[in-house]
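Participant: Have a look at this one before I ask anything.
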Amino acid sequence: MATAVSKSKSHPRSPTTAQPLNPASAAAAAGAAPSKSAAMAELKSRVLSALAKLSDRDTHHIAVEELDRFIRSPPSPDAVPMLLHALASDTQGLASPARRESIRLLATLCAVHPDAAAPHLQKVMAHLSRRLKDTASDSSVRDACRDAVGQLAAVYLRPLAASAAGEAGNGTVALFVKPLFEVMGEQSKTVQSGAAACLAKTVEGAGPGPGVLGMFGKLGSRVFKLVGGQGVQAKGSLLNVIGSLAQVGAISPQNMQQTLQSIRDCLENSDWATRKAAADTLCVLATYSGHLIGDGAAPTIAALEACRFDK
1 MATAVSKSKS HPRSPTTAQP LNPASAAAAA GAAPSKSAAM AELKSRVLSA
51 LAKLSDRDTH HIAVEELDRF IRSPPSPDAV PMLLHALASD TQGLASPARR
101 ESIRLLATLC AVHPDAAAPH LQKVMAHLSR RLKDTASDSS VRDACRDAVG
151 QLAAVYLRPL AASAAGEAGN GTVALFVKPL FEVMGEQSKT VQSGAAACLA
201 KTVEGAGPGP GVLGMFGKLG SRVFKLVGGQ GVQAKGSLLN VIGSLAQVGA
251 ISPQNMQQTL QSIRDCLENS DWATRKAAAD TLCVLATYSG HLIGDGAAPT
301 IAALEACRFD K
């Protein structure tokens with residue numbers, strides 16, 4: 001809600017009546033910038049030193065505590081972009097614990113300083129996408145990416161989902177969804193599974209609300225388009241995104257029958273994991289969107305009956 005700010009009338013000072021600057025004040029002003037710059041340089045040096053310690057088991061815990069202090073009590077708001085840049089740097093040779101902790105700390109930084117970090121959200125998501133695609137990332141790093149995306153969605157998308165004007169947040173949703181769909185183009189089942197888990201967490205992090213349908217209403221059709229294609233190996237993981245959409249109420253009544261048909265098609269897939277994920281997704285739909293299934297119940301039950309003896 002905008003607040004009115006009263007402004008008193010000010011008259012520009014005439015050049016002939018301008019007061020000379022006090023020499024002491026001039027010296028203080030001249031020294032302020034270097035002092036602030038020096039403090040920022042010192043902080044950056046300490047942050048980089050702490051990040052280097054993350055890869056050593058003997059200093060890992062100390063480094064985490066030190067970085068957490070920097071994040072929660074930065075000397076000035078100007079320090080937030082510097083901290084974010086350091087945590088989101090693609091340093092080569094980092095051990096998995098260091099990668100995992102850097103991702104967690106990056107999400108914490110955004111949660112503690114959401115306004116200062118908001119202009120850098122695209123950079124953060126690009127960093128997480130690179131970590132997902134990195135062949136050096138193990139399951140713990142991919143799980144850290146998933147959890148970080150969920151935390152970021154809770155910070156930046158949940159307020160939009162709680163608003164009736166959810167479509168106004170489509171630009172912010174795209175910052176999450178677009179890079180993750182790009183990761184789905186990687187020809188690796190492990191990488192695709194990580195991206196799908198992040199997509200599901202994006203939806204769950206936003207949570208239910210009157211604006212969620214406007215934000216995610218088209219996501220289901222994009223998911224099924226990928227599931228029906230030949231290039232996606234992690235189809236079962238993608239189906240979990242549909243379950244997340246159902247949980248938050250982001251499947252419209254108009255799209256429910258198409259959704260059910262697409263899932264029934266997945267029950268006939270040659271891949272067992274995809275068939276299992278399809279059955280699990282139907283269970284989620286029945287739990288959270290049962291009132292929308294309507295005429296689709298009979299063919300869905302018949303499809304499940306046909307899978308009764310599937311291993």
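First residue of the sequence shown? That's 1 in full-length UniProt numbering, and the numbers climb one at a time after it. Quick reminder that beta carbons are idealized off the backbone N, C-alpha and C, glycines included. Just so you know, these numbers come straight off a predicted model, no measurement behind them.
Can you check which of these residues, D115, H113, A116 and G150, is closest to L128 by C-alpha distance?
Facilitator: In the sequence shown, the residue the question calls residue 128 occupies position 128. The shortest Cα separation from L128 among D115, H113, A116 and G150 belongs to G150.
Participant: Nearest CA to the CA of P77: which residue from K36, S96 and G207?
Facilitator: Within the sequence shown, residue 77 is the residue found at index 77, counting from 1. Here the closest residue by C-alpha is K36.
Participant: Kindly list the residues whose CB is nearer than 6 Å to the CB of I301, restricted to its own chain and excluding five residues on each side of it in sequence; keep chain order.
Facilitator: On the sequence shown, position 301 is the one that residue 301 refers to. Here the set comprises nothing.
Participant: Quick check: what's the CA-CA separation for L121 versus R130?
Facilitator: Position 121 of the sequence shown, counted from the first residue, corresponds to residue 121. Position 130 of the sequence shown, counted from the first residue, corresponds to residue 130. Distance between the alpha carbons of L121 and R130: 14 Å.
Participant: Give the straight-line distance between the Cα atoms of A86 and A41, rounded to the nearest whole angstrom.
Facilitator: In the sequence shown, the residue the question calls residue 86 occupies position 86. In the sequence shown, the residue the question calls residue 41 occupies position 41. If I take the Cα positions, the gap works out to 12 Å.
Participant: Going by DSSP in three states, D115 sits in which element: helix, strand or coil?
Facilitator: Position 115 of the sequence shown holds residue 115. D115: helix per DSSP, three-state reduction.
Participant: Using only alpha-carbon positions, find the residue among A50, L48, S252 and K235 that is nearest to E268.
Facilitator: In the sequence shown, residue 268 corresponds to position 268, counting from 1. Checking every option, the nearest Cα to that of E268 belongs to K235.
Participant: Need the endpoints of the alpha helix (DSSP H) that P75 sits in, please.
Facilitator: Within the sequence shown, residue 75 is the residue found at index 75, counting from 1. Premise fails: P75 is in no alpha helix (DSSP H) and is neither H nor E.
Participant: How is D90 classed by DSSP in three states: helix, strand or coil?
Facilitator: Against the sequence shown, residue 90 aligns to sequence position 90. Taken through DSSP and simplified to helix, strand or coil, D90 comes out as coil.
Participant: Taking the alpha-carbon positions, what's the G194 to K133 distance?
Facilitator: Taking the first residue of the sequence shown as position 1, residue 194 is located at position 194. Taking the first residue of the sequence shown as position 1, residue 133 is located at position 133. Going from the Cα of G194 to the Cα of K133 covers about 9 Å.
Participant: Is the CB-CB distance between S188 and V141 below 8 Å?
Facilitator: On the sequence shown, residue 188 is found 188 positions in, with the first residue counted as 1. On the sequence shown, residue 141 is found 141 positions in, with the first residue counted as 1. No, they are not a contact pair.
Participant: Determine the contact status of V212 and G171, defining contact as a CB-CB distance below 8 Å.
Facilitator: The sequence position of residue 212 within the sequence shown is 212, counting from 1. The sequence position of residue 171 within the sequence shown is 171, counting from 1. No, they are not a contact pair.
Participant: Quick one: what does DSSP say A303 is sitting in, helix, strand or coil?
Facilitator: Within the sequence shown, numbered from 1, the residue matching residue 303 stands at position 303. Here A303 sits in helix by DSSP.
Participant: If you draw a straight line from the alpha carbon of R72 to that of D115, how long is it in whole angstroms?
Facilitator: For the purposes of this step, residue 72 is taken as the residue at position 72 of the sequence shown. For the purposes of this step, residue 115 is taken as the residue at position 115 of the sequence shown. Approximately 14 Å, taken between the alpha carbons.
Participant: Leaving out five residues before and five after A144 in sequence, what residues of the same chain have Cβ atoms less than 7 Å from its Cβ?
Facilitator: Locating residue 144 in the sequence shown gives position 144, where the first residue counts as 1. Result list for A144: R100, I103 and R104, in chain order.
Participant: In chain order, what are the residue ranges of uninterrupted alpha helix (DSSP H) at least 4 long that sit wholly in the segment 201 to 262?
Facilitator: 212 to 216, 219 to 227 and 235 to 248
Participant: Which two residues bound the contiguous alpha helix (DSSP H) that contains N170?
Facilitator: If you number the sequence shown from 1, residue 170 lands on position 170. First-last of the alpha helix (DSSP H) with N170: N170 to V183.
Participant: Considering only the alpha carbon of each residue, which of L94, L160 and V124 lies closest to D138?
Facilitator: Stepping through the sequence shown from its first residue, residue 138 is reached at position 138. Of the residues L94, L160 and V124, the one whose Cα lies closest to the Cα of D138 is L94.
Participant: Locate the alpha helix (DSSP H) running through H127, then write down its first and last residues.
Facilitator: Here residue 127 corresponds to residue number 127 of the sequence shown, with the count starting at 1. Looking at the DSSP string, the run of the alpha helix (DSSP H) that includes H127 is L121 to K133.
Participant: Which residue from A164, A136 and A107 puts its Cα closest to that of R146?
Facilitator: Along the sequence shown, read from residue 1 onward, the residue named residue 146 stands at position 146. Minimum Cα distance to R146 is reached at A107.
Participant: State the start and end residues of the unbroken alpha helix (DSSP H) segment that holds A95.
Facilitator: By one-based count along the sequence shown, residue 95 stands at place 95. Taken as a continuous stretch (DSSP letters only), A95 belongs to no alpha helix (DSSP H), as it is neither H nor E.
Participant: Between the Cα of residue 313 and the Cα atoms of N240, D295, Q257 and A126, which residue gives the shortest distance?
Facilitator: Any answer about residue 313 is impossible in this case: the structure gives the chain only from 1 up to 311.
Participant: Output the boundary residues of the alpha helix (DSSP H) element that contains D143.
Facilitator: In the sequence shown, counting from the first residue as 1, residue 143 sits at position 143. Residues S139 to Y156.
Participant: Does the distance from the C-beta atom of A153 to that of K218 stay below 8 Å?
Facilitator: One-based indexing of the sequence shown puts residue 153 at position 153. One-based indexing of the sequence shown puts residue 218 at position 218. Contact: no.
Participant: Taking T287 as the reference, give the member of R264, G294 and A246 with the closest Cα.
Facilitator: Walking along the sequence shown from the start, residue 287 turns up at place 287. T287 has its Cα closest to that of A246, out of R264, G294 and A246.
Participant: Rounding to the nearest angstrom, what Cα-Cα distance links C266 and C110 in this structure?
Facilitator: Here residue 266 refers to the residue found at position 266 of the sequence shown. Here residue 110 refers to the residue found at position 110 of the sequence shown. Rounded to the nearest angstrom, the two C-alpha atoms are 38 Å apart.
Participant: Quick check on L54: does DSSP put it in helix, strand or coil?
Facilitator: Walking along the sequence shown from the start, residue 54 turns up at place 54. When DSSP states are grouped into helix, strand and coil, L54 belongs to the coil group.
Participant: If you compare alpha carbons, which of R308, E186, S49 and A206 is closest to S244?
Facilitator: Here residue 244 refers to the residue found at position 244 of the sequence shown. Comparing Cα positions, the closest option is A206.
Participant: Does the Cβ-Cβ distance between R275 and A303 come in under 8 Å?
Facilitator: Counting from 1 along the sequence shown, the entry for residue 275 is found at position 275. Counting from 1 along the sequence shown, the entry for residue 303 is found at position 303. Not closer than 8 Å, so no.
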